[in-house]
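Undergrad:
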Amino acid sequence: MLRESQSPKASPHPAIYFAALSPLLSGVATVCFVRAAKELHPIVMLAYGSLFGAAILIVFTLLARRWKPIRFARKDLPLLLRVTFLRAIIGGVLFVYGASMTDATKVVFFTKIEPYVVLFLAWLCGEEKINRTELLLLTIHIFGALVLSTGGRLSSLGRAQLGDLLIISSTIISGYSYVDSKKLSMAIGPMLSSGLSVLLGGIFFLPWVYFAGLTPGTWSPAWWYVIAHVILFYVIALSLWYAALPHIRGWVVSALRALGPLAGVPAAYLILGEQLSPTQLWGGAAVLLTSAFIGRVRGR
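All residue numbers for the sequence shown refer to numbering that gives the first Met the number 0, where the first residue is 0 and numbers rise by one.
1. Quick one, are the C-beta atoms of V229 and V107 less than 8 Å apart?
2. If we ignore side chains and look at the alpha-carbon of each, how far apart do L246 and A14 end up?
3. Can you find the residues in the same chain that come closer than 6 Å, C-beta to C-beta, to L93, ignoring five residues on each side of it along the sequence?
4. So what does DSSP say about K111, is it helix, strand or coil?
5. Out of curiosity, what's the CA-to-CA distance linking H140 and A284?
6. Within 10 angstroms of its Cβ, does W240 collect 16 or more other Cβ (buried), or is it exposed?
7. With a cut-off of 8 Å on the beta carbons, I'd call L24 and L231 a contact; round off their distance for me.
8. Please return the same chain residues whose Cβ sits closer than 6 Å to the Cβ of A144, not counting the five positions on each side in sequence.
9. One question on the structure: do V43 and V178 come within less than 8 Å of each other, judged by their Cβ atoms?
10. Mind reading off the beta-carbon distance from T377 to A267? Whole number of angstroms is fine, and I expect it under 8 Å.
11. According to DSSP, is D75 part of a helix, a strand, or is it coil?
12. Quick one, which of F204, R34, L280, L134 has its alpha-carbon nearest T101's?
13. Our contact map puts R233 next to G52 with C-beta atoms below 8 Å; I'd like the distance itself, whole angstroms only.
14. With C-beta atoms as the reference, is A98 less than 8 Å away from A19?
15. How is G272 classed by DSSP in three states: helix, strand or coil?
16. When you compare the CB positions of S173 and S238, do they come within less than 8 Å of one another, or not?
17. Alpha carbons only, please: which of D163, L50, I226 is nearest the one belonging to L205?
18. How big is the Cα-Cα spacing for G201 and G282?
19. If we ignore side chains and look at the alpha-carbon of each, how far apart do A28 and K74 end up?
20. Roughly how many angstroms separate the alpha carbons of I171 and R81, rounded to a whole number?
21. Helix, strand or coil: which one does DSSP assign to M190?
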């Protein structure tokens with residue numbers, strides 16, 4: 000007697016892969032950013048890097064639409080301005096100055112506290128309910144990222160710790176902007192959302208470059224890292240992040256950002272010579288396993 004064939008399981012939504020790939024690329028981009036921030040002036044990086052990234056994003060948006068007119072309703076303008084102010088301006092300033100003060104591996108980790116910010120805000124708004132198992136997975140997830148990035152070693156207080164504080168503040172602001180970012184992505188599309196917010200941020204910083212008497216300076220290898228950061232983060236990682244938001248709950252997208260150290264820590268070793276210890280490898284394994292469970296439970 001033949002057994003009845005079982006119905007195939009539904010395939011995961013592609014957005015879960017976008018949400019996982021984005022932090023991996025972002026981790027490498029972060030290392031490139033930190034490398035450049037230690038040589039170039041932070042405001043110069045924000046102005047020219049943002050404008051370069053915005054130009055590429057907007058061109059890609061036009062090509063994807065085959066040069067059809069882009070619809071942008073007046074009601075979307077407040078969303079765009081809020082996202083720009085929070086992520087591109089306030090968050091950008093805190094991040095670039097923090098990156099110039101601390102180590103790349105620590106930056107890669109501290110950008111992974113967003114799940115707590117997003118989940119806490121969603122809980123306050125009554126939009127999310129999570130059980131103990133999911134909370135335990137998230138805790139192990141973040142702890143694994145900590146071990147992966149730091150190897151369990153703590154340093155003394157100083158300039159680097161001030162940079163850590165700025166990075167953490169930037170990450171909190173980024174998490175706070177999730178609701179508006181999701182609405183903007185659903186209204187005008189992920190790539191255009193990223194391109195316009197980055198463009199407005201670059202325009203905001205550009206006058207400061209000239210008013211403060213700053214110049215891009217002569218060409219140096221640091222500018223190659225700026226270009227690498229722009230392409231990896233603004234063009235690819237951020238677009239994938241925006242594309243995932245409309246389909247997956249915000250805190251899940253944010254939780255998967257803890258995958259970043261898996262690519263960021265090796266990149267820091269290759270670019271900045273930061274060592275990778277066996278303890279960090281155990282942390283990476285914890286991040287991978289909990290990411291798989293979280294994606295399976297919440298990301299279908």
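Positions of the beta carbon are idealized from the N, C-alpha and C atoms, including for glycine. Because the structure is a prediction, the values reported are computed rather than measured.
TA: Judging by the given coordinates:
1. No, they are not a contact pair.
2. Note that residue 246 corresponds to His in the displayed sequence, not to Leu. Spanning the two alpha carbons is a distance of roughly 6 Å.
3. Within the same chain, Cβ atoms closer than 6 Å to the Cβ of L93 are found at L165, S168, S169, the five residues on either side in sequence being excluded.
4. helix
5. 10 Å
6. Around the beta carbon of W240, 16 or more other beta carbons lie within 10 angstroms, which makes this residue buried.
7. 5 Å
8. F108, K111, A257, P260, V286
9. no
10. Summary: the structure shown does not reach residue 377, with the chain confined to residues 0 through 299, and so no result is reported for it.
11. helix
12. Of the listed residues, the one whose Cα sits closest to T101 is R34.
13. Per the sequence presented here, residue 233 reads as Tyr, with Arg not at that position. Rounded, the Cβ-Cβ distance is 3 Å, consistent with contact.
14. Here A98 is not near A19, since their CB atoms are 8 Å or more apart.
15. coil
16. Contact: no.
17. L50
18. 36 Å
19. 33 Å
20. Rounded to the nearest angstrom, the two C-alpha atoms are 15 Å apart.
21. helix
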